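Written out below as structure tokens is the structure these notes cover.
In my numbering, the protein residues as written are 64 to 328.
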């Protein structure tokens, strides 16, 4: 396992500035949240890569700004639109190849759309096959407002798509959906390839590690048992911390927790 911090934590600061600030402050592993179309231009992505090379930072994953449009792009039943969406998403995959990222985050459909699961899995599989041409893994995130917010849905997805079903486990989204992160992990096991971590408790559902009551140590021990190759990305909203020093401090706490979890095996 490896600790990291998402550039999304510093939103709405510009992506290149967010990456620079994280790198400058010693955070060596990250997830890049692309915020707009121009940030997929090869020259721009090349600039991000140079920053990463200079500070010896690695990028595990990319999160698309188009996640909010995925219900329309992939699940409307309009076949030409799905084809166009797949072509557009190749821009993300090309950017990921430049950055050295391997995991693409997918939100998918809203639960209120009531799309039949078979059709959902078919569209997801088409995206998986397209990404595979670039050596990229598509991972479904458990977003509370989406179909994937339900553990039963994710379990059916894993049973249907087998090895092609990969997941991002987001702790705060599990809380919002009324699901147990431990149960999700125990059920999906090595289908989980990436984690967005935060704490939660009386003060909120997206807190710095140590500010809530989530059993982070226990979770990391279980994650190390089921899926030890995961990156564990700190993902907080800008209102959940005061400054970059808070992120750095939490990143270092997370690194130590991961190291301790690995030593117990």
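Beta carbons: idealized from backbone N, C-alpha and C, even for Gly.
Being a predicted model, the structure only gives us computed values, none of them experimental.
- Distances from the alpha-carbon of residue 255 to those of 292, 116, 130 put 292 closest.
- Within the same chain, Cβ atoms closer than 7 angstroms to the Cβ of residue 250 are found at 214, 218, the five residues on either side in sequence being excluded.
- Taking C-beta atoms under 8 angstroms as the contact rule, residue 295 and residue 317 qualify, at a distance of about 6 angstroms.
- Around the C-beta of residue 106, fewer than 16 other C-beta atoms lie within 10 Å, and the residue is accordingly described as exposed.
- The residue among 110, 272, 67 with its C-alpha nearest the C-alpha of residue 78 is 110.
- According to the DSSP secondary-structure assignment, residue 232 is paired through a beta bridge with 258.
- Nearest neighbour of residue 128 by Cα position, chosen from 233, 92, 152, 234, turns out to be 152.
- In the DSSP assignment, residue 283 falls within the alpha helix (DSSP H) that extends over 279 to 289.
- When the Cα atoms are used, residue 298 and residue 323 turn out to be separated by approximately 21 angstroms.
- In this structure, the CA atom of residue 199 is about 6 angstroms from the CA atom of residue 166.
- Residue 181 and residue 164 have their C-alpha atoms spaced approximately 29 angstroms apart.
- Around the beta carbon of residue 308, a 10 Å sphere encloses fewer than 16 other beta carbons of the protein chains shown; the residue is thus reported as exposed.
- In the DSSP assignment, the residues bridged to residue 93 are 68, 122.
- Of the residues assessed, residue 205 falls on the buried side of the cut-off, its CB having 16 or more other CB atoms within 10 angstroms.
- At the C-beta level, residue 275 and residue 262 come within 8 angstroms of one another.
- Apart from sequence neighbours up to five positions away, the residues of its chain that approach residue 273 with a beta-carbon distance below 7 angstroms are 262, 316, ordered along the chain.
- Rounded to whole angstroms, the separation of the alpha carbons of residue 178 and residue 122 is 33 angstroms.
- Beta-bridge analysis with DSSP links residue 166 to 124, 200.
- In this structure, residue 154 lies away from residue 82, with their beta-carbon atoms at least 8 angstroms apart.
- Residue state for residue 206 is assigned as coil, using DSSP reduced to three classes.
- Look at residue 85 here: in three-state DSSP terms it is helix.
- The criterion of a C-beta distance shorter than 8 angstroms is not satisfied by residue 118 and residue 162.
- Of 211, 187, 96, 134, the smallest CA-CA separation from residue 159 is found for 96.
- Taking C-beta atoms as the reference points, residue 202 and residue 229 count as a pair closer than 8 angstroms.
- Nearest to residue 67 by alpha-carbon distance, out of 313, 264, 287, 268, is 313.
- Annotation: the continuous beta strand (DSSP E) that includes residue 296 extends over 294 to 297.
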